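Counting with our numbering, you get residues 6 to 96 for the letters of the sequence shown. All remarks here apply to the structure that follows.
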Amino acid sequence: MSNQTVVVIGGGVIGLSTAYQLARQGVGQVILLEKERVGDGASSRAGGIITGLLWTEAGVAARQIALRLYRELSAELGPYGYQFNVVGCLN
């Protein structure tokens, strides 16, 4: 384990994911700063999908990685986490 301190600013989906992965990898002390409730900002209300790379080779690969990570996180958190369901996407 490292003796570094890492500060992550923002408790939305990206900030939480970053802090979680840093802590899992043992980078040292991880501090999350959020001025409001964690996970209650724009990330929690997003209804759209950014589709710039959706059907490119890189986009497909990124979605496959994300799907694997969501499943791993759901299994790792168990009863303290969330239920992950694949529901698809309409274009």
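Every residue, glycine too, gets a C-beta built ideally from N, C-alpha and C. Every value quoted in this text rests on a predicted model; they were computed, and no experiment measured them.
Is it true that the CB of residue j sits closer than 8 Å to the CB of residue i?
{"i": "Val32", "j": "Gln9", "result": "yes"}
{"i": "Leu27", "j": "Val11", "result": "yes"}
{"i": "Glu39", "j": "Gly16", "result": "yes"}
{"i": "Phe89", "j": "Arg76", "result": "yes"}
Quick one: using the 10 Å Cβ neighbour count with 16 as the cut-off for buried, is residue i buried or exposed?
{"i": "Gly86", "result": "exposed"}
{"i": "Gly20", "result": "buried"}
{"i": "Val92", "result": "exposed"}
Taking the beta strand (DSSP E) that residue i belongs to, which residues open and close that run?
{"i": "Val92", "result": "First-last for Val92: undefined, no H or E at that position."}
{"i": "Val104", "result": "In the structure displayed, the chain extends from 6 to 96; residue 104 sits before or after that span and is not available."}
{"i": "Thr61", "result": "Run containing Thr61: none; DSSP gives neither H nor E here."}
{"i": "Gln26", "result": "First-last for Gln26: 18–29, but that is the alpha helix (DSSP H), not the beta strand (DSSP E)."}
Go to residue i, then tell me how far its alpha helix (DSSP H) extends in each direction, as first and last residue.
{"i": "Gly33", "result": "No alpha helix (DSSP H) contains Gly33, which is instead part of the beta strand (DSSP E) from 33–38."}
Just to check my reading of the structure: residue i and residue j have Cβ atoms closer than 8 Å, yes? What is that Cβ distance to the nearest angstrom?
{"i": "Ala47", "j": "Leu37", "result": "Between Leu37 and Ala47 the Cβ distance is about 17 Å, and since that is not below 8 Å, they are no contact."}
The ligand HEM and residue i: does any heavy atom of the ligand fall closer than 7 Å to the residue's C-beta?
{"i": "Gly33", "result": "No copy of the ligand HEM appears in this structure; indeed no ligand is present at all."}
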